[in-house]
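Inspection log for the structure reproduced underneath, given as structure tokens.
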Amino acid sequence: MNIRRMTRDELDTLVEWAACEGWNPGLDDAQVFWATDPEGFVAAEIGGELIGGGSIVAYEKKYGFMGLFIVRREYRGHGLGDHLWHECNRRLLARLDADAAIGLDGVFNMQDYYARGGFRFVCRDLRFEGLGMDFPQPKHVIEASALPLECIAAYDRRHFPATRSRFLQEWIRRPGAHALAVVDGGEIRGYAVMRPCRIGYKIGPLFAANADVAESLLVAVASRVPGERIFLDVPEINRDALALVARYGMSEVFGCARMVLGPIPQLPDSEIFGVTTFELG
1 MNIRRMTRDE
11 LDTLVEWAAC
21 EGWNPGLDDA
31 QVFWATDPEG
41 FVAAEIGGEL
51 IGGGSIVAYE
61 KKYGFMGLFI
71 VRREYRGHGL
81 GDHLWHECNR
91 RLLARLDADA
101 AIGLDGVFNM
111 QDYYARGGFR
121 FVCRDLRFEG
131 LGMDFPQPKH
141 VIEASALPLE
151 CIAAYDRRHF
161 PATRSRFLQE
171 WIRRPGAHAL
181 AVVDGGEIRG
191 YAVMRPCRIG
201 YKIGPLFAAN
211 ADVAESLLVA
221 VASRVPGERI
231 FLDVPEINRD
241 ALALVARYGM
251 SEVFGCARMV
261 LGPIPQLPDS
271 EIFGVTTFEL
281 G
């Protein structure tokens, strides 16, 4: 098995495999992911044929994230995935500062495997599904594109372990997405992005100063797609977030374990109502 950097076309293939696995990627996730970090994707091939891959995205050498890890079904069970995963981990460590952390969202039955690699459990991120709502737009909610990107990036940085301006530039302005913010007294109090996926829409991130702001943002984005399926990945440690999805009749359908190698980032857990994506953090 040869392991190397992935090409742009191969990333399309990897995302398509993710769809076949039931991960429900966004319609143009590959383009946004590639624009964020073209060197952040690893391919495994045998005889010139792509058989697996994963993401090793680095955010300004301060924080890394591993995701999109897939080996084709017919090549599983032979130790190839184990070799690929350790090589992805090694390559990402080489792209980061010595004191940087690496995060991942792994399915629950792989927690012990990642723990043997030095990753520590942080919390469970639970995916909830509901339906878009036909509600009036709440007050103080505006289009995020009306704000300077550096203001969004500064607010985002308070809730994410590193600056990710390049990612946000693509994530907020992607086709078909709805990016909204709550501004009060000239200050950003929260923002949310909802993107179209193979099935329905995913909301992420959903960062908010408190539960009331989070509810305004959830209602605002969900009102853009009445009757459509919507998904939100909620950190279980945020009890207000769990109460919010329960209040709107959303049901738990999936989940992952957020795990970290290195120092665990200190973030305002009470303000993180929805993580951005299981693939890039």
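Numbering-wise, the working numbering puts 136 at position 136 of the sequence shown, and it's gapless, one number per residue.
Quick reminder that beta carbons are idealized off the backbone N, C-alpha and C, glycines included.
On a predicted model such as this, the values are computed, not experimentally measured, just so you know.
When DSSP states are grouped into helix, strand and coil, I172 belongs to the helix group. When DSSP reads this structure, H83 sits in no beta bridge, so it has no partner. DSSP places F128 within a strand segment (E or B) once states are collapsed to three. Cβ-Cβ separation between V182 and V213: approximately 5 Å, consistent with a contact (criterion under 8 Å). Check the Cα spacing between F41 and each of A18, F121, M66 and G22: the tightest is with M66. Per DSSP, the beta bridge partners of G64 are A58 and I102. In this structure, G26 lies near R195, with their beta-carbon atoms less than 7 Å apart. The beta-carbon separation of D29 and R258, rounded to 19 Å, does not stay under the 8 Å limit for a contact.
Apart from the 5 residues on each side of it in sequence, A100 sits with its Cβ closer than 7 Å to the Cβ of K61, K62, Y63, G64 and G262 in its chain, given in chain order. Counting C-beta pairs closer than 8 Å gives fewer than three between the region 156 to 172 and the region 245 to 256, which falls short of the contact rule.
Non-local beta-carbon contacts of I199 in its own chain, meaning distances under 7 Å to residues more than five positions away in sequence, involve N24 and R229 in chain order. Between L14 and L68, the C-beta gap is smaller than 7 Å, which places the two residues in contact. Under the criterion of beta carbons closer than 8 Å, F207 and N238 do not qualify as touching, at roughly 11 Å. When C-alpha distances from S145 are compared across L244, P136, E87 and A192, the shortest belongs to A192. Three or more Cβ pairs closer than 8 Å define a contact, and the region 103 to 117 falls short of that threshold against the region 139 to 154. Across the structure, I203 and G190 are spaced so that their CA atoms are roughly 13 Å apart. Counted as a single uninterrupted DSSP element, the alpha helix (DSSP H) harbouring D29 occupies residues D29 to T36. Counting the other Cβ atoms within 10 Å of the Cβ of I46 gives fewer than 16, which makes it exposed. By the CB criterion at 7 Å, L11 and G52 fall outside the cutoff. Taking the CA atoms as reference points, I102 sits about 10 Å from G281. The alpha-carbon separation between H78 and M110 amounts to approximately 17 Å. When secondary structure is reduced to three states using DSSP, S223 falls in the coil class, being assigned neither helix nor strand.
Across the structure, P38 and D9 are spaced so that their CA atoms are roughly 12 Å apart.
For I172, the closest alpha carbon among the candidates D156, Y59, A94 and C256 is that of D156.
In the three-state DSSP reduction, Y75 falls in the helix class (H, G or I).
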